[in-house]
Amino acid sequence: MNDLIIIGGGPAGVAAGVYAARKRLKTVLIAEEIGGQSTVSSNIENWIGNAGISGADLAKSFQTHLEALRNDNVTLALGERVVSLEKSAGGFSIKTKTGKEYSSKAVLVASGASRRKLGIPGAEKFENKGVTYCASCDGPLFADQDVAVIGGGNAGFETALQLLAYAKSVTLIHRHKEFKADPVTVEKASMHPNIRIIRHSEPTEVTGEQFVTGLTYTDKDSGETKSIAVTGIFVEAGVIPNTDFAEGIVELDAIKRVKADPRTQRTNIDGIWAAGDCTDELYHQNNIAAGDGVKALEDIYLWIKKQ
Ligand SMILES: Cc1cc2nc3c(=O)[nH]c(=O)nc-3n(C[C@H](O)[C@H](O)[C@H](O)COP(=O)(O)OP(=O)(O)OC[C@H]3O[C@@H](n4cnc5c(N)ncnc54)[C@H](O)[C@@H]3O)c2cc1C
Numbered sequence: 030m031n032d033l034i035i036i037g038g039g040p041a042g043v044a045a046g047v048y049a050a051r052k053r054l055k056t057v058l059i060a061e062e063i064g065g066q067s068t069v070s071s072n073i074e075n076w077i078g079n080a081g082i083s084g085a086d087l088a089k090s091f092q093t094h095l096e097a098l099r100n101d102n103v104t105l106a107l108g109e110r111v112v113s114l115e116k117s118a119g120g121f122s123i124k125t126k127t128g129k130e131y132s133s134k135a136v137l138v139a140s141g142a143s144r145r146k147l148g149i150p151g152a153e154k155f156e157n158k159g160v161t162y163c164a165s166c167d168g169p170l171f172a173d174q175d176v177a178v179i180g181g182g183n184a185g186f187e188t189a190l191q192l193l194a195y196a197k198s199v200t201l202i203h204r205h206k207e208f209k210a211d212p213v214t215v216e217k218a219s220m221h222p223n224i225r226i227i228r229h230s231e232p233t234e235v236t237g238e239q240f241v242t243g244l245t246y247t248d249k250d251s252g253e254t255k256s257i258a259v260t261g262i263f264v265e266a267g268v269i270p271n272t273d274f275a276e277g278i279v280e281l282d283a284i285k286r287v288k289a290d291p292r293t294q295r296t297n298i299d300g301i302w303a304a305g306d307c308t309d310e311l312y313h314q315n316n317i318a319a320g321d322g323v324k325a326l327e328d329i330y331l332w333i334k335k336q
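Encoded structure:
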């Protein structure tokens with residue numbers, strides 16, 4: 030029986046793994062890969078202690094850090110996807126996609142989230158070539174350019190406001206007539222001279238050669254197909270937490286994020302913690318996810334010592 034199973038190899042899971050190794054907890058870290066969501070980013074400028082690092086290099090540094098400290102305490106089960114989490118005698122049992130089973134006294138869910146993709150022709154082809162899912166990471170790359178934001182929720186409007194600081198113009202496209210975003214945010218964005226808001230319109234195609242040059246959409250009022258010339262398309266269509274395996278075991282919120290106590294990262298189930306983007310944490314960033322993982326490990330360590 031392991032002390033702990035960590036599910037996830039992003040900043041939350043890796044930070045937890047480093048702390049588990051130093052605290053000599055017998056741990057298995059199960060993840061599809063080490064690095065997490067920002068691995069695809071070309072330059073991360075806000076990882077504390079590093080003014081600029083590519084996502085790929087950040088992932089490498091996570092792996093190196095884990096390898097340097099893990100000894101026999103932390104076993105890595107990489108390339109594995111957790112498909113079920115169940116209560117078992119003395120703790121929990123976990124099954125993976127390849128049929129392996131692991132058991133432990135405690136579990137840390139750090140499985141992050143996946144961005145809801147823009148499922149239209151050209152979106153996948155131009156991902157990271159103009160189509161992006163992270164304004165705080167990629168926004169400055171589009172200084173003085175015409176860009177579009179897709180999504181009319183708070184994330185869409187906040188992204189638009191953020192981009193208005195450097196982009197030449199921002200066109201926000203929303204599929205419904207009404208916005209989900211707070212009226213105050215909508216008002217603030219609408220007042221800016223460089224924003225254009227197109228509502229009740231459905232994006233239909235991303236166009237370009239090597240990089241994005243435009244976006245086609247259908248005006249749902251008139252049925253007309255229209256196009257705008259943009260070099261950047263910021264998709265804010267929501268995120269999907271990777272929590273399928275935890276459904277029915279721990280309490281999730283309305284959008285399936287694990288509810289966690291922000292002081293300790295405990296869930297409603299004794300013995301299960303959650304950290305990072307898979308939780309109902311308000312802000313989702315690398316440093317915050319890592320901090321959540323550390324917080325969870327401090328609490329898990331004390332809990333295990335009392336068992
Ligand atoms: C394109 C992009 C760029 C970003 N850039 C920045 C940035 O510049 N600065 C910043 O602070 N934040 C950035 N973010 C946000 C940041 O990446 C996230 O907040 C952070 O990665 C969350 O970390 P996490 O460990 O909670 O989860 P994730 O990074 O999502 O990691 C989840 C881990 O769990 C694994 N996993 C998922 N499901 C399973 C399963 N069922 N079984 C096993 N393993 C599983 C995954 O393989 C992965 O290893 C960016 C996000 C994106 C999408």
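Numbering (this note's numbering), first residue to last: 30 to 336. For glycine and all other residues, C-beta sits at the position ideal for the given N, C-alpha and C.
Sequence-distant residues of the same chain with beta carbon closer than 8 Å to aspartate 309, five excluded per side
As a working note, residue 309 is residue 280 in the sequence shown. For aspartate 309, where only same-chain residues beyond five positions count, the Cβ hits under 8 Å are Asp282, Arg286, Val287, Lys288 and Ala289.
Quick one, which of Phe155, Thr214 and Gly237 has its alpha-carbon nearest valine 264's?
As a first step, residue 264 is located in the sequence shown; it is residue number 235 there, counting from the start. Out of Phe155, Thr214 and Gly237, the CA that lies nearest to the CA of valine 264 is found in Phe155.
Along the alpha helix (DSSP H) that carries tryptophan 332, what are the first and last residues, could you check?
Within the sequence shown, numbered from 1, the residue matching residue 332 stands at position 303. Element bounds for tryptophan 332: 315-335.
Can you tell me whether DSSP reads aspartate 86 as helix, strand or coil?
Sequence index remark: in the sequence shown, residue 86 carries index 57 (1-based). Helix, per DSSP.
Rounded to the nearest angstrom, what separates aspartate 299 and histidine 229 at their Cα positions?
Here residue 299 refers to the residue found at position 270 of the sequence shown. Here residue 229 refers to the residue found at position 200 of the sequence shown. The alpha-carbon separation between aspartate 299 and histidine 229 amounts to approximately 46 Å.
If you pair each beta-carbon of the stretch 230-238 with each one of the stretch 145-159, do three or more pairs fall below 8 Å?
With the cut-off at 8 Å, the stretch 230-238 and the stretch 145-159 touch.
If you measure between the beta carbons of serine 133 and leucine 33, is that distance less than 7 Å?
Residue numbering aside, residue 133 sits at position 104 when the sequence shown is read from its first letter. Residue numbering aside, residue 33 sits at position 4 when the sequence shown is read from its first letter. Yes, they are a contact pair.
With a CB to CB cut of under 8 Å and the five nearest residues on each side skipped, what residues in its chain are close to phenylalanine 171?
Walking along the sequence shown from the start, residue 171 turns up at place 142. Non-local C-beta neighbours of phenylalanine 171 in its own chain, meaning closer than 8 Å and more than five positions away in sequence, comprise Leu192, Tyr195, Ala196, Thr260 and Gly261, ordered along the chain.
Taking Cβ positions, are valine 138 and glycine 46 nearer each other than 7 Å?
Counting from 1 along the sequence shown, the entry for residue 138 is found at position 109. Counting from 1 along the sequence shown, the entry for residue 46 is found at position 17. Cβ distance not < 7 Å, so valine 138 and glycine 46 don't count as in contact.
Spatial neighbours of leucine 54 within its chain, please: CB distance less than 6 Å, with the 5 preceding and 5 following residues excluded, ordered by chain position.
Indexing the sequence shown from 1 puts residue 54 at position 25. If you ignore the 5 residues before and after leucine 54, its C-beta comes within less than 6 Å of the C-beta of Asp32 and Leu33, all in its own chain and listed in chain order.
Quick one, which of Glu130, Glu62, Ala142 and Lys52 has its alpha-carbon nearest isoleucine 269's?
Position 240 of the sequence shown holds residue 269. Selected option, being the one with the closest Cα: Ala142.
Cβ atoms of alanine 275 and alanine 304: under 7 Å apart, would you say?
As a first step, residue 304 must be located in the sequence shown, where it is residue number 275. As a first step, residue 275 must be located in the sequence shown, where it is residue number 246. Not in contact: alanine 304 and alanine 275 (Cβ atoms no closer than 7 Å).
Give the range of the beta strand (DSSP E) segment to which leucine 170 is assigned.
As a working mapping, residue 170 is identified with position 141 in the sequence shown. Looking at the DSSP string, leucine 170 is not in any beta strand (DSSP E), and its letter there is neither H nor E.
Among Lys116, Ala106, Ala118 and Val136, nearest to glycine 128 - alpha-carbon criterion:
Counting from 1 along the sequence shown, the entry for residue 128 is found at position 99. Comparing Cα-Cα distances from glycine 128 to each of Lys116, Ala106, Ala118 and Val136, the minimum goes to Ala106.
So, at 8 Å on beta carbons, what are the nonlocal neighbours of leucine 95 in its own chain, with the 5 sequence-adjacent residues on each side left out?
Locating residue 95 in the sequence shown gives position 66, where the first residue counts as 1. Within the same chain, Cβ atoms closer than 8 Å to the Cβ of leucine 95 are found at Val43, Gly46, Val47, Ala50, Leu58, Ile63, Val103 and Leu105, the five residues on either side in sequence being excluded.
Simplified DSSP assignment, three categories, for leucine 190
The residue you call residue 190 lines up with position 161 of the sequence shown. In the structure shown, leucine 190 sits in a helix (DSSP, three-state: H, G or I).
Where do the ends of the beta strand (DSSP E) carrying arginine 144 lie?
The residue given as residue 144 occupies position 115 in the sequence shown. Residues 142-144.
At a threshold of 6 Å, does glycine 38 count as lining ligand 3 (C-beta to nearest heavy atom)?
No copy of ligand 3 occurs in the structure displayed; its ligands are ligand 1 alone.
Would serine 90 and serine 71 be called neighbours here (beta carbons separated by less than 7 Å)?
Counting from one through the sequence shown, the residue named residue 90 turns up at place 61. Counting from one through the sequence shown, the residue named residue 71 turns up at place 42. Cβ distance not < 7 Å, so serine 90 and serine 71 don't count as in contact.
What did DSSP end up calling serine 230 once you bin it into helix, strand or coil?
Mapped onto the sequence shown, residue 230 falls at position 201. Serine 230: strand per DSSP, three-state reduction.
Three-state class that DSSP yields for valine 176 in the structure shown:
As a first step, residue 176 must be located in the sequence shown, where it is residue number 147. Secondary structure of valine 176 (DSSP, three-state): strand.
Using a 10 Å radius around the Cβ and a threshold of 16 neighbouring Cβ atoms, would you call glutamate 74 buried or exposed?
Locating residue 74 in the sequence shown gives position 45, where the first residue counts as 1. Exposed: under 16 other Cβ atoms inside 10 Å.
So if DSSP puts glycine 237 in a beta bridge, which residue, or which two residues, is it bridged to?
Looking up residue 237 in the sequence shown gives position 208. Looking at the DSSP assignment, glycine 237 forms a beta bridge with Val241.
Just list the residues that DSSP pairs isoleucine 257 with in beta bridges.
Residue 257 sits at position 228 when you count from the first residue of the sequence shown. Per DSSP, Leu244.
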